[in-house]
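Novice:
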Amino acid sequence: MSRNVLKIEHMTMQFGGVVAVHDLSMEINEGEIVALIGPNGAGKTTAFNCVTSVYEPTNGRVSFMGKPIAQNSPNKKMRKIYAGTMPDAFTDKTVRMSPDQVTKLGIARTFQNIRLFGGMTVLENVMTAMHLRRKSNMFTATLHLNMKEEKAMRQKAMDLLETVGLKELQDEMATSLPYGKQRLLEIARALATEPKLLLLDEPAAGMNPQETDELSAFIKRIKDQFNLTVFVIEHHMNLIMEISDRIYVVDFGKLIAEGTPAEIQENPAVIAAYLGGEDE
Amino acid sequence: MFNTVFPYLLTGISVGGQYALIAIGYTMVYGILRLINFAHGDVFMVAGIVMVYLNASGLPLWLSVLLTLLITVVIGFAIERVAYKPLRTAPRMSIMISAIGVSYTLQNLVLYITGGLNQFYPKVSFISDSVTIFGASTKMVTLVTPILTVILVVALVQLINHTKIGMAMRAVSKDFETSQLMGIKINSVISTTFIIGSFLAAVGSMLYFTNYNTVIQTSGAMPGLKAFVAAVFGGIGSIPGAVVGAFIIGICENIIKGLDIILFKAGITKQNLGLATFSDAFTFALLIVILIVKPTGLFGEKTTDKV
Amino acid sequence: MKKFLAIVMVLCLMAPAFALADDMPVVKIGVFEPASGDSGAGGKQEMLGMQYANKVAPTVVIGDTEYAVELVYADNQSATDKAPSAASELVNQKVSVVLGSYGSGVSMAGSPIFADAGIPAIGVTCTNPQVTLGNTHYFRICFLDPFQGTVLANYAFKEMGAQVAYCLAELGNDYDVGLAYYFQQAFEALGGMVISETFPTGTSDFTSYINNATGYGAGVFFAPCSLAYSTLIVDQAAGLNVNFALMGGDTWDSNMVLEAAAGTNLKILVSTFYQEGGNAEFDNGFKAWLNEDAEAMTNNGGNDIIAAVSVMGYDAYFTALEALKAAGSTDSKAVNEALWNVTLDGVSGAIAFDAETGDAIRDTAYIKTVNTENGAWDFVAVQGVN
Amino acid sequence: MKTKKKFNPAMLWAALVIVLVYVAVFITEQLLPASSMLFTVLKKGATYALVAVSMNLLNGFTGLFSLGQAGFMLIGAYTYAIFTIPVADRMNVYQYYNGGLVQFAMPVVPALIMAGLAAALFAFLIGLPVLRLKSDYLAIATLGFAEIIRAIFQWNKLGALTNGSNILREFPTFNDFNIRNAEGEVTLYLSTLVPFLIAGVCIALIVMLINSTFGRSLRAIKDDEIAAEAMGINLFHHKQMSFCISSFFAGIGGAMLAMYQSTIQAKAFTSAMTYEILLIVVIGGIGSVTGSCISSFLFVACSEWWLRFLDQKQMIGNFEVPLLRNGFRLVVFSIIIMIVVLFFRQGIMGTKELPDLFKRKKKSQQEVKA
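Protein chains in written order, with this note's numbering: chain A, 11 to 290; chain B, -5 to 301; chain C, 107 to 492; chain D, 1294 to 1663.
(1) Run through chain B and tell me which residues come within less than 7 Å of Arg1267 (chain D), C-beta to C-beta.
(2) Check the DSSP bridge columns for Cys273 (chain C) and list the partner residues they point to.
(3) Verify the contact flag: Asn442 (chain C), CB atom, against every heavy atom of the ligand FMN, threshold strictly below 8 Å.
(4) Which word fits Val133 (chain A), buried or exposed, when buried means at least 16 other C-beta atoms lie within 10 angstroms of its C-beta?
(5) Name the one or two DSSP bridge partners that Arg1383 (chain D) has.
(6) So which residues on chain B does Trp1598 (chain D) lean against when the C-beta distance must stay under 9 Å?
(7) Can you check whether the C-beta of Ser1657 (chain D) is within less than 9 Å of a C-beta belonging to chain C?
(8) Measure the Cβ-Cβ separation of Glu1440 (chain D) and Gly1364 (chain D) and say whether it is below 9 Å.
(9) Which partner residues of Tyr472 (chain C) appear in the DSSP bridge assignment?
(10) Quick check on DSSP: helix, strand or coil for Glu19 (chain A)?
(11) Have a look at the DSSP bridge pairing and note the partners of Glu139 (chain C).
(12) Going straight from the alpha carbon of Ser8 (chain B) to that of Ser199 (chain B), what length do you get?
(13) Quick one: Cα of Thr138 (chain A) to Cα of Ala1432 (chain D), how far?
(14) How about Glu182 (chain A) and Thr120 (chain A): are their beta carbons less than 9 Å apart?
(15) By Cβ distance below 6 Å, which residues in the same chain neighbour Cys331 (chain C) in space, the five residues on each side in sequence not counted?
(16) My output table needs one value for Lys158 (chain B): the three-state DSSP class, helix, strand or coil.
(17) Identify the continuous beta strand (DSSP E) that holds Ala45 (chain A) and give its terminal residues.
(18) Output, in chain order, the set of chain C residues within a Cβ distance shorter than 9 Å of Lys1560 (chain D).
(19) Three-state secondary structure (DSSP) at Arg1462 (chain D)?
(20) Listing by chain order, which chain C residues have their CB less than 9 Å from the CB of Arg1462 (chain D)?
(21) State the DSSP-derived secondary structure class of Tyr459 (chain C), mapped to helix, strand or coil.
(22) Which partner residues of Gln113 (chain B) appear in the DSSP bridge assignment?
(23) Counting only beta-carbon separations shorter than 9 Å, does Glu152 (chain C) have a partner in chain B?
(24) If you measure from the beta carbon of Ala121 (chain C) to each beta carbon in chain D, is any gap under 9 Å?
(25) Rank B:Tyr78, B:Val40, B:Ile43 by C-alpha distance to the C-alpha of Ile30 (chain B) and give the top, closest one.
(26) Opposite Asp261 (chain A) in the DSSP bridges: which residues?
(27) Can at least three beta-carbon pairs, one atom from the segment 1451 to 1466 of chain D and one from the segment 1383 to 1391 of chain D, be found at a separation below 8 Å?
(28) Run through chain D and tell me which residues come within less than 8 Å of Ser142 (chain C), C-beta to C-beta.
(29) Report yes or no: is there a C-beta of chain C within less than 9 Å of the C-beta of Arg1425 (chain D)?
(30) Any contact between the segment 223 to 235 of chain C and the segment 412 to 419 of chain C? By contact I mean 3 or more CB pairs, one from each, below 8 Å.
(31) I want to verify the contact list: residues of chain A whose CB lies under 9 Å from the CB of Thr1506 (chain D), in sequence order.
(32) Please decide whether Thr1644 (chain D) counts as near chain A, where near means a Cβ-Cβ distance under 9 Å.
(33) In whole angstroms, give me the CA-to-CA distance for Ile1503 (chain D) and Leu1511 (chain D).
(34) What does the alpha-carbon distance come out to for the pair Thr404 (chain C) and Leu1305 (chain D)?
(35) Starting from Arg86 (chain B), follow the alpha helix (DSSP H) in both directions and report where the run begins and ends.
(36) Would you check if the segment 1530 to 1539 of chain D and the segment 1328 to 1340 of chain D touch, i.e. whether three or more CB-CB distances between them fall below 8 Å?
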């Protein structure tokens, strides 16, 4: 088995009295495409936010390439209302990183509700994401002494845009693109940070069936091209079943199943959760 | 010790009461529009000027008072309609700039009308009188202000909690768009807010200027800023917060002014350190400390960004 | 709508200034005074003196030609940051000589602009020594703070028997701070104790400062501040039933202080340049003019009590005329040269300039007190340094 | 696939316009009398342009709503003044403090840089706690800090350094850049060109920063903080950097203001000054450097020059124009501002820059041809 890229151990995220993620444990290995599915409000995006350090998990540990990037246990105040499991398992230390540090380590993400930089062109959006890999400092950059680097950045950004098929639109304002293209741009932007692990939050949302079909091929292609491990949240079952190596299913914050696409399709708990979900 | 500190406390409470009446206007508008209404301090000043001119025209005092309240309310209402309503869909910054513009305009208009000279505020016989309590002399208005403030605030809280318009206000401050969809007449709610704010500013201005007897175009700037700080301090959007904040700011400010002598009398310092220089600065220092410790103020509600 | 507004705005901006047409050649005298801000009231009273003087002597014979004298106004807004552009405006209008200002800070702020343009200025009631020190273009017809401070300190210590004095000055007001400083020096030299504090611009609540003075057991409360604040202090001190005397410098010599003090039991002393009744001809003429001119009356605070600063403004105007006559030309450099030797027997006393600093040689000040019953100034003493 | 940098005629035109402006300033200064109000406006305008652009860097490009500009200008102005007052004059200036603490004088350029650095240092310290606050709260906190700075500089106990609350003067001003002959007559006027050069260099640096990879990151923060952070941009560092740089240039702007006014006093650096600059930024267009520059000249010209006639009685023939008296200028001015704020929300330039103007022209020409 290949190397472990992301490991989540007993992660619980509680907002006040609401437990959004409840004792979630999962592993993602190098080169895999792993999906996290579940009904609306099951805590999928919250899990993403914990992995990318937007939120600090209430309890549990997240490790990337064997190194903890987030670890926490409920503090005094939280302990009184804590509704999760194993409150004493991770008290040895606390690890807290900012989202940009996590990105620097090699985790990039896209957003469910597209968050492009509206005031910028398509090309600039991608170039902005390369900022973290720059070698120039503020002075050299201001005095434009980093022309070589800047040129290389531009070139690489163009290459990325070509990969996602947006090269022709490079000078358009990002927000003027159609919805599906904006999603692709988000992926290009995430790729520009040179990630090892790519988190895709509902990449097919708002895409038409044809675009969705193209997307699954596209994800596989970039995975190979950039040596990625992919962690994806999605509602489009066809897409998930087609691309995923393994699938985790959550409901009400809790992990209810894991396995290959074929296993999941036959799992009664999953079926119940989804049918139950439709009743709501 | 008590005798030394008490006069400052007394002044502080009085000043705090005046700030409180202005601070409510700031806090209510912010609660609903998320707008720092920079012009509010100037509405307060204009109320003072209106009173001066009405009184000079020979009207009886009670009529001047009533007309001042009415005119100030109309001005507050008009400002909202002219300067803020057209910008409702504009970015927050634009509307704030518009507020600064209104403040600028009001000050310059008053400068033009008065010729930049101090105007003497009419004396109101009863509340201008001197009284002595616990050995400290003060004006009657010092005692009247906090009491009147508390009465008005209690009335306002009743209005907000137990009337239909109050309910609408609360709804709008929670979620502007949804309440609009729910059929609340946003514009009338906002106008009501401005009317209440201006009314309280007018009452505040009467108490304030009776105490300090002169009005000039810049009279509103400092009290306005202080009241605003008080509103933020107490948690902007929260009426009890604004009142508590105003009293705290008022008292602290006056204690600082007297701090040198208090320390001196207590034997802590040997010489005058000139700490009174920092009476205004301290207000802001206090504000910054509270913002850092509790970014939404004493009674403010916590908000989280949705990702 | 937008287009229309844009056009209207452009028209507003482009509207030319309409020039005065007159047959007689014109000599321009710049009036560099605050017409707004904290010192606005005082500045206006000072301007009244100049306006009245201009009415009394609307023309001047320079060389062989008779010139009409035009007063050119620039409002320095009592602010040191607005003063330079007001001064530039006067320079731009090509005035021959400048009068002003009320307030030392604005005078100092405008001074370099006049210096660069080579225009002389006659300080009317700016009493800080720094106004004229180290330059050759600024003159002054009033006494100075070291003198005034000493006079007041002497009076407070010797005549009133005060042992402790409480000084209160506005932060960043050179007039206040300077006068308080010299008062403190003199008072402490006499063996008294001085507590000196400052208040920030825009303060309206002085009760805590007054409480401070009471707390220190002050015998005199010396607050040489702008008129805007002095009336507040008077009013609030009255409300607090203080048992010390209030003392002010020349800025307090105003009917507005009288108004604020009327009907209270305060003791208020001020030092000033002139006492009404000193020159009957001027007094009568000035009062008659005030009563005729409604706007002038308003600017004087609504009554015809003569402020000392008006007298000083009047004298400054005639000093300028003398200088123009002596120079024999309207060229500002010539006027500057001529000013050194100008003498004038003014309403406020004889004026001649010190050959080094350009300050008027003066050795007396009037001390007045408020008669709280009839709301008028009562003359107390003419006081010199000794 | 290759990304050749295309020759851009719009940029060339823009550069040409800028050069022409400088040449025009230089020539006008030699021709017109030095007393002309035009130069007052140009000097103050250049100063305000720099400060406005520095504020725009924060408000328009980084999305940080800061209202502390006056405080940083104050630091800059004081630093400049304290270090450049000739030793001989110190006894006079520090009249109550025995000549003051500093007993040397620096040349102008190092003093200007010191002014910027001092402001940046304060900004760094203030930024540590304050920049974690969001939008309005940040605005209030920075406003508060500006007030605190003002109080500190006015404190009597620091008088040996700051001259307490008293006026500082006698330091080199713009007029000292004029080249004089032995008789003291001016042979070459540079007093307006110099502020243009100082402001020009500083603004050019800001523009270059905005167009660098750092500038992109700042704009990203403005557009979406969460996304920017997710793209590996350290929010705090970049905000702190932007805050310090903006303050650095505000400090230099403050020093220029000191040079323009020839005297300075802490009292003048109130929040009203910050509001004025904010108005300039908004009128010019939030996020447009060109707009800030143009509007600062217009703003200064209106407030100091073009509208002055409204303050005095004017006669057309025998008809006295009504309403005109002291203060009317400011009324008209504030109404103009309100009209701009309400009806021309984008400001003069929106988010366009100088080269964009030529680009658009070109496009429309093409359309005509087609």
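Ideal Cβ placement from N, Cα and C applies to all residues, glycine included.
Just so we're clear, the structure is a prediction, and the values are computed from it rather than from any experiment.
Specialist: So, from the listed chains and residues:
(1) With chain D represented from 1294 up to 1663, any question about residue 1267 (chain D) goes unanswered, as that position is not in the structure.
(2) C:Ser302, C:Phe328
(3) Here there are no bound small molecules, and the ligand FMN is not part of this structure.
(4) According to the sequence provided, residue 133 (chain A) is Leu. The question's Val does not apply to it. Leu133 (chain A) should be labelled buried.
(5) Note: Arg1383 (chain D) sits in no beta bridge, so no partner.
(6) Here the premise fails: no neighbours, minimum Cβ distance about 17 Å.
(7) Any reading at Ser1657 (chain D) is ruled out, since the residue's pLDDT is 44, under 50, leaving its predicted position unreliable.
(8) yes
(9) C:Thr378, C:Val488
(10) strand
(11) C:Asp181
(12) 13 Å
(13) 27 Å
(14) no
(15) Glu276, Asp282
(16) helix
(17) 43 to 47
(18) Ala185, Thr186, Asp187, Gly211, Glu276, Leu277, Gly278, Asn279, Pro306, Thr307
(19) strand
(20) Met214, Ala215, Ser217, Pro218, Gln236
(21) According to the sequence shown, residue 459 (chain C) is Phe rather than Tyr. The answer is strand: DSSP assigns Phe459 (chain C) an E or B state.
(22) B:Val209
(23) no
(24) Legend: pLDDT at Ala121 (chain C) = 46, less than 50; position of this residue unreliable, no value from coordinates given.
(25) B:Tyr78
(26) A:Lys264
(27) yes
(28) Asn1619, Gly1620
(29) no
(30) yes
(31) Met137, Thr138, Met140, His141, Arg144, Ser146, Ala151, Asn156, Glu159, Glu160, Met163
(32) yes
(33) 8 Å
(34) 60 Å
(35) 86 to 108
(36) no
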